[in-house]
Every structure is written in structure tokens, then in C-alpha cells.
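Structure record follows, encoded as C-alpha cells.
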Amino acid sequence: METQNPKTKKGCIPLLLILGIISAIALYITMPNSNEVKNNRADGSVWQIKAHLKTNLKDPKSYQAIEWGEVRQIKKDPAQYVVRHKYRAKNSLGGQVITIGYFTLNAKGDVIKVEY
59 METQNPKTKK GCIPLLLILG IISAIALYIT MPNSNEVKNN RADGSVWQIK AHLKTNLKDP
119 KSYQAIEWGE VRQIKKDPAQ YVVRHKYRAK NSLGGQVITI GYFTLNAKGD VIKVEY
């Protein structure tokens, strides 16, 4: 019958602690700043627009991002941003449609206007 060596158990604790710290740092880096309007480095998405679509589409579960444009500051009003986004989602009749929208956001990240 094998017994565990007490030294082996003690060696796992620092390893688990290091993994926990690395995980916390990775989570902090990927968390969006609620006041910041910018493209996600990984996939180009803008989380404020994704959140807006989840509450405003007929069938939010059918949403599929196709293409994200670069976040651009509006020259006339530097406190506003515009983003072009192409996506697929179901319409009122249940058919999949591709839509291109231009989303205007304020400095807080609120979607204030959408043009299709």
C-alpha cells in the first residue's frame, strides 16, 4: 500500500498559488473597462455593442459576428465614437439576415445611435 509523501503535498501549494495569481492577472487584463470604447485585441469586437445587441435583437441567441470595424473618434465631437459592425441574426420572420450597422457611442460607452 502506497502512502503520500507529506513533502509532495507541500510542494503543490506554491504551484496552486502561482497558478491562481496567473489566472487572476489574465482575468484582470481581459476585463473591459466600462468607460473605455475600444476594439478587443483578440477578435476586434466592442463589448458595449455586443451587450446592446443582446438586449435589442429579436433573437439574441442567433447573433453571429462577421466583421468589426475600427473604433473611430468623431471629429466634430471627440466625446463620441463610431464603429461599423457586420453581423448575422434572425429577423422577425425567423430568417437569418446579414446586417451592417454603424453604432455611435458616447464617452461612457453607451450606444446612442444605430444606422443601418
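Quick note on the numbering used here: the sequence shown kicks off at 59 and runs consecutively.
Think of the CB as a built atom: it goes at the ideal place given N, C-alpha and C, for glycine as much as any other residue.
Using CA atoms only, rank isn't needed, just tell me which of the options is closest to residue i.
{"i": "V95", "options": "D101, F161 and Y139", "result": "Y139"}
{"i": "T157", "options": "R146, L115, V169 and N114", "result": "R146"}
{"i": "L151", "options": "V172, I71, D117 and G159", "result": "D117"}
{"i": "D101", "options": "K108, V155, W126 and F161", "result": "W126"}
{"i": "V169", "options": "N98, V104 and R99", "result": "V104"}
{"i": "I124", "options": "F161, Y160, N97 and H143", "result": "H143"}
{"i": "E128", "options": "I107, Q154 and L115", "result": "I107"}
Could you spell out the range, first to last residue, of the alpha helix (DSSP H) harbouring residue i?
{"i": "K108", "result": "W105 to N114"}
Terminal residues of the continuous beta strand (DSSP E) containing residue i?
{"i": "A123", "result": "Q122 to W126"}
{"i": "G159", "result": "Q154 to N164"}
{"i": "G171", "result": "The question names Gly, but residue 171 is Lys in the sequence shown. Per DSSP, K171 belongs to the beta strand (DSSP E) from V169 to E173."}
Under three-state DSSP, which class holds residue i?
{"i": "K133", "result": "coil"}
{"i": "K148", "result": "strand"}
{"i": "K119", "result": "helix"}
Quick one: any contact between the stretch 149-165 and the stretch 123-138, if contact means 3 or more CB pairs under 8 Å? Yes, they touch.
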